[in-house]
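I have placed the structure first, in the form of structure tokens, so that the comments after it can refer back to it.
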Amino acid sequence: AQKVTQTQTSISVVEKTTVTMDCVYETRDSSYFLFWYKQTASGEIVFLIRQDSYKKENATVGHYSLNFQKPKSSIGLIITATQIEDSAVYFCAMSPDTNAYKVIFGKGTHLHVLP
Amino acid sequence: GGIITQTPKFLIGQEGQKLTLKCQQNFNHDTMYWYRQDSGKGLRLIYYSITENDLQKGDLSEGYDASREKKSSFSLTVTSAQKNEMAVFLCASSIVQSNTEVFFGKGTRLTVV
Numbered sequence: 567a568q569k570v571t572q573t574q575t576s577i578s579v580v581e582k583t584t585v586t587m588d589c590v591y592e593t594r595d596s597s598y599f600l601f602w603y604k605q606t607a608s609g610e611i612v613f614l615i616r617q618d619s620y621k622k623e624n625a626t627v628g629h630y631s632l633n634f635q636k637p638k639s640s641i642g643l644i645i646t647a648t649q650i651e652d653s654a655v656y657f658c659a660m661s662p663d664t665n666a667y668k669v670i671f672g673k674g675t676h677l678h679v680l681p
Numbered sequence: 019g020g021i022i023t024q025t026p027k028f029l030i031g032q033e034g035q036k037l038t039l040k041c042q043q044n045f046n047h048d049t050m051y052w053y054r055q056d057s058g059k060g061l062r063l064i065y066y067s068i069t070e071n072d073l074q075k076g077d078l079s080e081g082y083d084a085s086r087e088k089k090s091s092f093s094l095t096v097t098s099a100q101k102n103e104m105a106v107f108l109c110a111s112s113i114v115q116s117n118t119e120v121f122f123g124k125g126t127r128l129t130v131v
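Chains as they are written, first to last, in this note's numbering: chain C, 567 to 681; chain G, 19 to 131.
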């Protein structure tokens, strides 16, 4: 069975620091894609960053980067120099290559960035 | 760029009522999705559609029907609203590739009284 697990329900950090949000996944597919999305207080969900399972190098976009540890089925999201506006719920998601349409989401981690 | 428009934004229904949620996208995406979001439970897939007139059940399809009569629109029907049910229904779309991101609408918040 395919599954995405985010064990941290809520994290609080002081602004300008670095935070890591954890995500582990289960799949039998040899090829798959991992995503992180952000849901703001208004409810809007936007795509942040993606990691392809066959790529060894960690993806980076702006102040978001990933810590991909394939042997551990882990894909952590790292946010450096956090800002107040980074406060949101972050969802980890997986799309197996054999069924591209079935995007599976974790339950989300609520990040609070404090002044 | 494009946009996904969901109507209505808020929906209040009575127990046992049949309720329809609508979604329109102008990305020209082939694939569209309906997700349900309950507090603390993440996003659960109800139905998805690979192309016009196609329907595929997700993990949470029981109690729902869907319709994809046009490429740009995808509607979801709650066949019999459950009392005290509260959730946000999110419509989404993507192109037909597994490595591409999903774009979301702003959601319809359902309350059943």
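Ideal Cβ placement from N, Cα and C applies to all residues, glycine included.
Give me whichever residues DSSP pairs with residue i in a beta bridge.
i       : result
I577(C) : L677(C)
A659(C) : F601(C) and F671(C)
K75(G)  : Y65(G)
S91(G)  : Q42(G) and K88(G)
D83(G)  : T95(G)
C151(G) : It is not possible to answer for residue 151(G), since the shown part of chain G is limited to 19 through 131.
Y591(C) : V570(C)
D618(C) : F599(C)
V130(G) : G31(G)
G642(C) : N633(C)
I22(G)  : Q43(G)
V626(C) : A small fix is needed here, since residue 626(C) is Thr in this sequence, not Val. For T626(C), which the question treats as bridged, DSSP gives the partners S631(C).
I611(C) : Q605(C)
Y586(C) : A small correction: the amino acid at residue 586(C) is Thr; Tyr does not occupy that position in the sequence shown. DSSP, once it has assigned bridges, lists I644(C) as partnering T586(C).
A654(C) : L677(C)
What's the call for residue i, buried or exposed, on a 16-neighbour Cβ count within 10 Å?
i       : result
P662(C) : buried
I30(G)  : exposed
M104(G) : exposed
V655(C) : buried
T49(G)  : buried
E33(G)  : exposed
K604(C) : buried
T69(G)  : exposed
A99(G)  : buried
G523(C) : Shown here, chain C extends from 567 to 681; a query on residue 523(C) therefore has no answer.
A567(C) : exposed
V1(G)   : Because chain G in this structure spans residues 19 to 131, residue 1(G) falls outside the shown range and cannot be described.
S57(G)  : exposed
If distances are taken between C-alpha atoms only, which option among the options comes closest to residue i?
i       : options                               : result
K636(C) : N624(C), G628(C), I645(C) and I644(C) : N624(C)
R86(G)  : C109(G), K101(G), F28(G) and L78(G)   : C109(G)
T646(C) : Q572(C), Q574(C) and V579(C)          : V579(C)
Q35(G)  : T95(G), F28(G) and T25(G)             : T95(G)
V612(C) : T129(G), F121(G), V131(G) and L128(G) : F121(G)
L37(G)  : S111(G), H47(G), T97(G) and S67(G)    : T97(G)
A666(C) : S91(G), Q74(G), R127(G) and K101(G)   : Q74(G)
S67(G)  : S57(G), Y82(G), F92(G) and D77(G)     : F92(G)
T129(G) : V114(G), S111(G), V106(G) and S112(G) : V106(G)
N44(G)  : K88(G), V131(G), N102(G) and E119(G)  : K88(G)
G642(C) : K582(C), F657(C) and F634(C)          : F634(C)
I577(C) : K668(C), S653(C) and D618(C)          : S653(C)
E581(C) : F657(C), E651(C) and I644(C)          : E651(C)
Do the CB positions of residue i and residue j come within less than 9 Å of each other?
i       : j       : result
W602(C) : Y620(C) : no
T593(C) : K673(C) : no
L614(C) : M660(C) : no
V585(C) : S640(C) : no
M587(C) : L677(C) : yes
L39(G)  : T23(G)  : no
T675(C) : T606(C) : no
K124(G) : K59(G)  : no
S608(C) : T664(C) : no
F671(C) : Y82(G)  : no
T77(G)  : L63(G)  : With the sequence shown as reference, residue 77(G) is identified as Asp, and Thr is not the correct amino acid for it. Yes, they are a contact pair.
S90(G)  : Q42(G)  : yes
Y65(G)  : V669(C) : no
* To do: Can you give me, in chain order, the residues of the segment 606 to 637 of chain C that have a beta carbon less than 8 Å from any beta carbon in chain G?
  => Identification of residues in the segment 606 to 637 of chain C having a C-beta nearer than 8 Å to some C-beta of chain G yields S608, G609, E610, I611, V612, F613, R616 and D618, given in sequence order.
* Along the segment 652 to 673 of chain C, what residues have a CB closer than 9 Å to any CB found in chain G? -> For the segment 652 to 673 of chain C, the beta-carbon criterion of a distance under 9 Å to any beta-carbon of chain G is satisfied by F657, A659, S661, P662, D663, T664, N665, A666, Y667, K668, V669, I670, F671, G672 and K673.
* Contact list for the segment 27 to 51 of chain G against chain C, Cβ threshold 9 Å -> When CB distances to chain C are screened at a threshold of 9 Å, the residues of the segment 27 to 51 of chain G falling below it are T49 and Y51, in chain order.
* To do: Using a Cβ-Cβ cut-off of less than 9 Å, list which residues of the segment 102 to 122 of chain G approach chain C; keep chain order.
  => So the close ones are V106, L108, A110, S112, V114, Q115, S116, N117, T118, E119, V120, F121 and F122.
* Which residues, in order along the segment 70 to 82 of chain G, keep a beta-carbon less than 8 Å from a beta-carbon of chain C? -> The residues in question are Q74 and G76.
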